[in-house]
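Peer 1: Residue numbers (my numbering): 13 to 268. C-beta atoms are modelled at their ideal positions from N, C-alpha and C, and glycine is treated no differently. Sharing a structure with you now.
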Amino acid sequence: MTEVLTARDGAVFTITLNRPDAYNAFTRAVHPLLLAALEEAADPAIRAVVITGAGKGFCAGQDIPEFNELSGSIADVLEQTYHRNVRAIRGLQKPVIAAVNGAAAGAGLSLSLACDVRIASDRAVFVPGFAGIGLVPDAGGTWFAGRLLGFARAFEWMATNRRLSAQEALDWGLVAEVLPTDGFGDAVAERAATWAAMPTKAIAFTKQLFEHAHDASLEGQLELEARLQEAARATADHAEGVAAFLEKRPPSFDGK
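In structure tokens form, the structure reads like this:
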């Protein structure tokens, strides 16, 4: 069985973690497969990426039986596995959507937080997991949660190992939308197609701006906005957007 599946539908590329019997928990074997899929997703013809899980879970995090057998430096293992995949997700110059179809726990939660947008099914739950076994969040979980929620809420959530329902995650602003489990995949595909039809370069520049903004000075942010606005103005999608506005028709962006 292939433990990471990929599928392409037009400009949308879907990556599915495929260990449903283990709620798609990570093993050492899964990481290079996920990295290869993310590298494939960098193709400029792909304009939106969806990451989801097979079966009833999104991702349960690290496979604990395998973790118990690990020897040597955990820091080295993290660098060779989770860190590479998190960097690859953040490096994609297009929207990345986590379609959280079930439990997202531990490093699986971190994986969902690394994505640009989270859409949850109504059976999804978000569980930090680490504190429950005497560990600290990893795979970027603290970096993403702190920026998404603020220090106080993110710390309380992760330190107490609080289990969030899909509705609570929506109330917190952690997810963009909660959809019924029935028809979830089709509904996510519709939303991904909408993202794929957007001006992809402008979306990528906007991602860069928000990532820079958290630690930037106002002057530094103004400078970067001006520089990226200059780049966006030179794109074919900008020309199409202006033409469509003047001609009173919907724009047809091609990501260039």
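Using the rule of at least 16 other Cβ atoms within 10 Å of the residue's Cβ for burial, across every protein chain shown, is F222 buried or exposed?
Peer 2: exposed
Peer 1: Among the candidates E78, I63 and A48, whose CA atom is the shortest distance from the CA of F38?
Peer 2: Ranking E78, I63 and A48 by Cα distance to F38 puts E78 first.
Peer 1: Determine the burial state of I27: buried for a count of at least 16 other Cβ atoms within 10 Å of its Cβ, exposed for fewer.
Peer 2: buried
Peer 1: Please specify which runs of the beta strand (DSSP E), each continuous and at least 3 residues long, are wholly inside the region 48-112, giving them in chain order.
Peer 2: 60-65, 69-71 and 108-112
Peer 1: Within 10 Å of its beta-carbon, does G144 have 16 or more other beta-carbons around it, so buried, or fewer, so exposed?
Peer 2: exposed
Peer 1: Leaving out five residues before and five after M210 in sequence, what residues of the same chain have Cβ atoms less than 7 Å from its Cβ?
Peer 2: F265
Peer 1: Report the CB separation of N97 from L17 in whole angstroms; it is logged as a contact under 8 Å.
Peer 2: Contact doesn't hold; Cβ gap of about 16 Å is too wide.
Peer 1: What does the alpha-carbon distance come out to for the pair V187 and A119?
Peer 2: 17 Å
Peer 1: Thinking C-alpha only, which one of T206, A111 and R175 is nearest G197?
Peer 2: Selection T206, A111 and R175 evaluated against G197 yields A111 as nearest (Cα-Cα).
Peer 1: For R203, which of M13, A23, E15 and T14 has the nearest alpha-carbon?
Peer 2: A23
Peer 1: Is it a yes or a no for the region 115-129 touching the region 61-80, going by three-plus beta-carbon pairs under 8 Å?
Peer 2: yes
Peer 1: Just to confirm, are A126 and G152 a CB contact at a threshold of 8 Å?
Peer 2: yes
Peer 1: Give the secondary structure of L186 by DSSP, where H, G and I count as helix, E and B as strand, and everything else as coil.
Peer 2: coil
Peer 1: So what's A115 in DSSP terms, helix, strand or just coil?
Peer 2: strand
Peer 1: Is V137 helix, strand or coil when you go by DSSP?
Peer 2: strand
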